[in-house]
Amino acid sequence: MPDTRAQHTAGPADPTAHTEEAPIAGGRPVSPERLIYFSDAVVAIAITLLALELPVPTGEVHGNSGVLYFLREHLAEYTAFLVSFWAIATHWVIHRRLFRYATGLSGGAVRWNLLWLLAIVVTRSPRSC
């Protein structure tokens with residue numbers, strides 16, 4: 310039985326053969342997994358930045374009644390956060406479903422994904438506008 314290990318580790322003999330990764334501008338391939346992980350990180354950071362804008366109770370807030378009063382006073386900010394969180398999370402779920410079966414990416418797909426990420430990043434809490 311011939312040893313085929315070298316064939317599998319050295320890559321395809323034909324450089325034009327189909328691979329899991331499609332080349333993008335500049336000829337450098339990008340795997341769908343890398344784009345998905347990058348997108349996941351950007352979405353996580355965007356949601357974290359939304360949370361950083363939330364008002365935090367200070368030392369004057371004591372007990373359940375104090376926390377409830379504080380939340381009532383800042384209901385608009387927390388509601389805006391939840392709406393923005395929901396919008397970003399919905400887009401992220403759709404993105405994951407869309408790229409679930411991707412086997413190769415063109416440069417156009419990468420650029421559209423970057424444009425989508427820009428839209429996610431600029432999504433702000435309505436109260437911060």
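Residue numbers for the sequence shown follow this note's numbering, so the first one is 310 and each next one is one higher. Positions of the beta carbon are idealized from the N, C-alpha and C atoms, including for glycine.
Cβ-Cβ distance between residue i and residue j below 8 angstroms
i      : j      : result
Leu361 : Tyr387 : no
Ser393 : Leu414 : no
Phe408 : Ile356 : no
Leu366 : Phe347 : Before going further, note that residue 366 is Pro rather than Leu in the sequence given. Not a contact, by the Cβ cut-off of 8 angstroms.
Ala411 : Pro341 : yes
Endpoints, alpha helix (DSSP H) assigned at residue i
i      : result
Ser393 : 384 to 408
Val285 : Nothing can be reported for residue 285, as the shown portion of the chain is limited to 310 through 438.
Arg420 : 416 to 431
From the options, residue whose alpha carbon lies closest to that of residue i
i      : options                        : result
Trp425 : His400, Ala389, Val376, Ser374 : His400
Ile403 : Asn422, Ala389, Leu391         : Asn422
Cβ-heavy atom distance, residue i to the ligand GDP, below 7 angstroms
i      : result
Ala396 : Absent from the structure shown: the ligand GDP. Ligands present: none.
Practice prompt. Decide yes or no for the touch test of the segment 338 to 355 against the segment 417 to 433: beta carbon pairs closer than 8 angstroms, at least 3 of them.
Written response: yes
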